[in-house]
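Residue numbers (my numbering): 23 to 304.
The beta-carbon is built from N, C-alpha and C at its ideal position, and this holds for glycine as well.
Note that the coordinates shown come from a computational prediction; the quantities given were computed from them, not determined experimentally.
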Amino acid sequence: MINIQNLKLNNLVPFEGSPFEFREDEGFLQLYDSISENGVISPIVVCERNGQYEIVSGYRRAEACKRLNIDVIPAIIKELSREQAIVMHVDSNLQRDKILPSEKAFGYKMRLDAIKKQGSRSDLTSNQAGRKLESADIIANETDDSKTQVRRYIRLTFLIPEILKLVDEERIAFTPAVALSYLSPEEQHMVHKFYEEVEATPSYSQAVELKNLSAEGKLNEGTITEIMSREKPNQIEYFKMPFEHLKKVAPKIRDKDFEKFVIKACEYYYKVLQRQKDRDSR
Numbered sequence: 023m024i025n026i027q028n029l030k031l032n033n034l035v036p037f038e039g040s041p042f043e044f045r046e047d048e049g050f051l052q053l054y055d056s057i058s059e060n061g062v063i064s065p066i067v068v069c070e071r072n073g074q075y076e077i078v079s080g081y082r083r084a085e086a087c088k089r090l091n092i093d094v095i096p097a098i099i100k101e102l103s104r105e106q107a108i109v110m111h112v113d114s115n116l117q118r119d120k121i122l123p124s125e126k127a128f129g130y131k132m133r134l135d136a137i138k139k140q141g142s143r144s145d146l147t148s149n150q151a152g153r154k155l156e157s158a159d160i161i162a163n164e165t166d167d168s169k170t171q172v173r174r175y176i177r178l179t180f181l182i183p184e185i186l187k188l189v190d191e192e193r194i195a196f197t198p199a200v201a202l203s204y205l206s207p208e209e210q211h212m213v214h215k216f217y218e219e220v221e222a223t224p225s226y227s228q229a230v231e232l233k234n235l236s237a238e239g240k241l242n243e244g245t246i247t248e249i250m251s252r253e254k255p256n257q258i259e260y261f262k263m264p265f266e267h268l269k270k271v272a273p274k275i276r277d278k279d280f281e282k283f284v285i286k287a288c289e290y291y292y293k294v295l296q297r298q299k300d301r302d303s304r
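Structure (structure tokens):
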């Protein structure tokens, strides 16, 4: 039987150690408007902790009620172990529309650790065929991410806060960030220092090169500067035109020589324009 009670908001506490931040985003504003008009339709889920009720699922509903000066909220009270509460808390928050990479990373990490502590339960660690499952398998089976992707997200928890913030702000892409997570904290601080000086972030190939040099013990400020100062392929601007247009004006030029031919032609034409400009100015 489900135990639903109206609990006072001042008797509720946030979930301890939650990696999920509260943000007043569009989803929250829609929730706020819905509760303002219709009240709380779906009860929150709590478990009792030291005389208070810890919010396992539904913190944003509670926050909306608080801002609407609603004193009580319907809640389902569950008896949960710490590991069970963590799994439920992470799963409920992963349903949100907007999840930062850092939230997903630490959420998966919390869930992974909780599953490992529950490892003695066969229904959690084996599939229908009786095959022993890894913790990452279990998470992948219950989310949209593959086992490999789950592991990649968890790697982000090894990033220093300054670089992880850049990932959340989409200044560093996900895959280069995963490679950077294998650098030591000191090496990551050097990478971040370079970013602060020139606002340049590594491409995936550059991040992998940094990772490999770190593994060899050869990474320092000099090598970081040299690698990250290189122009990235996606930063090079290209001028494109149909190849047949060039063939019409230079049919006897070999294909491999066309780039050199075009550059020389442009240099010559520029000189012609300069001479014309000098004559016109006399």
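Is the region 84–95 in contact with the region 115–132, if contact means three or more CB pairs nearer than 8 Å?
-> No: fewer than three Cβ pairs fall under 8 Å.
Continuous beta strand (DSSP E) stretch holding residue 234: start and end = For residue 234, there is no enclosing beta strand (DSSP E); the enclosing alpha helix (DSSP H) has its first and last residue at 226–237.
State yes or no: is the C-beta of residue 158 within less than 8 Å of the C-beta of residue 172?
-> Residue 172 is positioned such that its CB atom lies closer than 8 Å to that of residue 158.
Closest residue to residue 117 among 103, 82, 267, 102 (Cα-Cα distance) = Taking only the C-alpha atoms, the option nearest residue 117 is 82.
Rounded C-alpha distance that separates residue 35 from residue 72 = Looking at the two C-alpha atoms, the distance is approximately 11 Å.
By DSSP, does residue 30 sit in helix, in strand, or in coil?
-> For residue 30, the secondary structure class from DSSP, reduced to helix, strand or coil, is strand.
Identify, in the order they occur along the chain, each residue of the same chain with its Cβ nearer than 6 Å to the Cβ of residue 281, setting aside the five sequence neighbours on each side.
-> Closer than 6 Å at Cβ, skipping near neighbours: no residue.
For the region 157–235, which segments carrying the alpha helix (DSSP H) assignment without a break, of at least 4 residues, lie completely within its bounds, in sequence order?
-> Whole alpha helix (DSSP H) segments, 4+ residues: 157–163, 169–177, 183–190, 196–202, 207–220.
Do residue 192 and residue 214 have their C-beta atoms closer together than 8 Å?
-> The criterion of a C-beta distance shorter than 8 Å is not satisfied by residue 192 and residue 214.
Output the distance between the C-alpha atoms of residue 230 and residue 108, rounded to the nearest integer angstrom.
-> Residue 230 and residue 108: Cα-Cα distance of roughly 33 Å.
Using the Cα positions of residue 147 and residue 169, report the straight-line distance between them to the nearest angstrom.
-> For residue 147, the pLDDT reaches just 41, beneath the cut-off of 50, and the residue's location in the model is therefore unreliable, although a value from the coordinates is still provided. About 15 Å.
Given that a residue counts as buried once 16 or more other Cβ atoms are within 10 Å of its Cβ, and exposed if not, what is residue 233?
-> Result: buried.
Does the Cβ-Cβ distance between residue 188 and residue 210 come in under 8 Å?
-> A distance of 8 Å or more separates the beta carbons of residue 188 and residue 210.
The beta strand (DSSP E) spanning residue 96 covers which residue range?
-> Residues 94–99.
Cβ shell of residue 42 (< 7 Å), same chain only, five flanking positions each side left out | Excluding its 5 nearest sequence neighbours in each direction, residue 42 has C-beta neighbours in its own chain below 7 Å: 115, 125, 129, listed in chain order.
Looking at the structure shown, is residue 298 part of a helix, part of a strand, or coil, going by DSSP?
-> Three-state result, residue 298: helix.
Alpha-carbon spacing of residue 96 relative to residue 120, whole angstroms = If you take the alpha carbons of residue 96 and residue 120, they lie about 25 Å apart.
CA nearest to the CA of residue 77, picked from 53, 63, 102 | Closest by alpha carbon: 102.
Start and end of the alpha helix (DSSP H) containing residue 79?
-> Counting along the chain, residue 79 falls outside any alpha helix (DSSP H), though it belongs to the beta strand (DSSP E) covering 74–79.
Considering only residues of the same chain and omitting the five flanking positions on each side of residue 142, which have a CB-CB separation below 6 Å?
-> Confidence in residue 142 is poor, its pLDDT being 43 and thus under 50, which makes the residue's placement too unreliable to answer from.
From which residue to which residue does the alpha helix (DSSP H) around residue 112 run?
-> Counting along the chain, the alpha helix (DSSP H) containing residue 112 begins and ends at 104–115.
When the Cα atoms are used, what is the spatial distance from residue 133 to residue 110?
-> So the alpha carbons of these two residues sit roughly 9 Å apart.
Shortest alpha-carbon distance to residue 351 belongs to which of 25, 300, 139?
-> Look at the range of the chain in this structure, 23 to 304, and you will see that residue 351 is not part of it.
Give every residue of the same chain whose Cβ lies closer than 7 Å to the Cβ of residue 79, excluding the five residues on either side of it in the sequence, and list them in chain order.
-> For residue 79, same chain residues with a beta-carbon under 7 Å away, outside a window of 5 residues either side, are 66, 67, 110, 111, 114 in chain order.
Measure the alpha-carbon distance for residue 271 versus residue 288 and round it to whole angstroms.
-> Between the alpha carbons of residue 271 and residue 288 lies a gap of roughly 13 Å.
Residues near residue 62 by beta carbon distance below 7 Å, same chain, minus five either side = Once the five neighbours on either side are set aside, the close Cβ partners of residue 62 are 83, 87, 95, 96.
State buried or exposed for residue 150, treating a residue as buried only when at least 16 other CB atoms are found within 10 Å of its CB.
-> Residue placement at residue 150 is poorly supported in this model, since its pLDDT is 39, which falls under 50; the coordinates still yield a value, given next. So residue 150 ends up on the exposed side.
Using the DSSP secondary-structure output, state which residues sit across from residue 66 in a beta bridge.
-> Its beta-bridge partners are 97.
For residue 242, the first and last residue of its enclosing alpha helix (DSSP H) = Counted as a single uninterrupted DSSP element, the stretch harbouring residue 242 is not any alpha helix (DSSP H), since DSSP gives it neither H nor E.
Taking the DSSP output, what are the residues bridged to residue 71?
-> According to DSSP, residue 71 bridges with 74.
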